[in-house]
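Visitor: My questions all concern the structure below.
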Amino acid sequence: MHTVLVVDDNPQARQIVRQRLEPAGYKVAEAPGIDTAREQLKTAEPEVVIVDLVLPGTGGEQLIAELDRRHDRYRVVAISGAPERLAELSARYPHLRTLPKPFTTDQLLGAVT
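Under my numbering, the final residue of the sequence shown carries the number 334; numbering is consecutive throughout.
What follows is the structure, encoded as structure tokens:
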């Protein structure tokens, strides 16, 4: 079973991702911010990390930059309601996958596989 870490400060958004991934066989860990995500990376050992760009503090881009350095270990998916920001990040981080909000279950599954 593959583990996905969902980093989003919105509990409803995390719940939606969980409800869409678990029936497809994924184990889902959650983090409301970067500090919790860093801890979850150690304990949950996810293969995929879904990061919302709008997070308290430094924002999701900081976590994406950290994870990009370890792209051989994690598949990173950035999610946002601002497609232009996703395009900018894609240009900066070639291993990054992006998923604009709102997204379908099929789009989510395609991003994490």
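No residue lacks a Cβ here, since even glycine has one placed at the ideal position from N, Cα and C.
1) Straight-line CA distance for residue 246 to residue 278?
2) Using CA atoms only, rank isn't needed, just tell me which of 236, 334, 228 is closest to residue 255.
3) Taking its Cβ as the centre, do 16 or more other Cβ atoms sit within 10 Å of residue 259, making it buried, or is it exposed?
4) Output needed for residue 329: all residues of its chain with C-beta closer than 8 Å, excluding positions within five of it in sequence on either side, in chain order.
5) Within a Cβ cutoff of 6 Å, which residues of the same chain sit near residue 302, ignoring the five residues on either side of it in sequence?
6) Name the two residues that bound the continuous beta strand (DSSP E) containing residue 229.
Guide: Based on what the coordinates show:
1) Within the sequence shown, numbered from 1, the residue matching residue 246 stands at position 25. Within the sequence shown, numbered from 1, the residue matching residue 278 stands at position 57. In a straight line, the C-alpha of residue 246 is about 32 Å away from that of residue 278.
2) The residue labelled residue 255 in the question sits at position 34 within the sequence shown. Comparing alpha carbon positions, the residue from 236, 334, 228 closest to residue 255 is 228.
3) For the purposes of this step, residue 259 is identified with residue 38 of the sequence shown, where counting begins at 1. Exposed, because fewer than 16 other Cβ atoms sit within 10 Å of the Cβ of residue 259.
4) Taking the sequence shown and counting its residues from 1, one reaches residue 329 at position 108. Once the five neighbours on either side are set aside, the close Cβ partners of residue 329 are 238, 241, 242, 320.
5) To locate residue 302, count along the sequence shown from 1; it is residue 81. Within the same chain, Cβ atoms closer than 6 Å to the Cβ of residue 302 are found at 322, the five residues on either side in sequence being excluded.
6) For this step, residue 229 is matched to residue 8 along the sequence shown. Counting along the chain, no beta strand (DSSP E) covers residue 229, and no H or E run does either.
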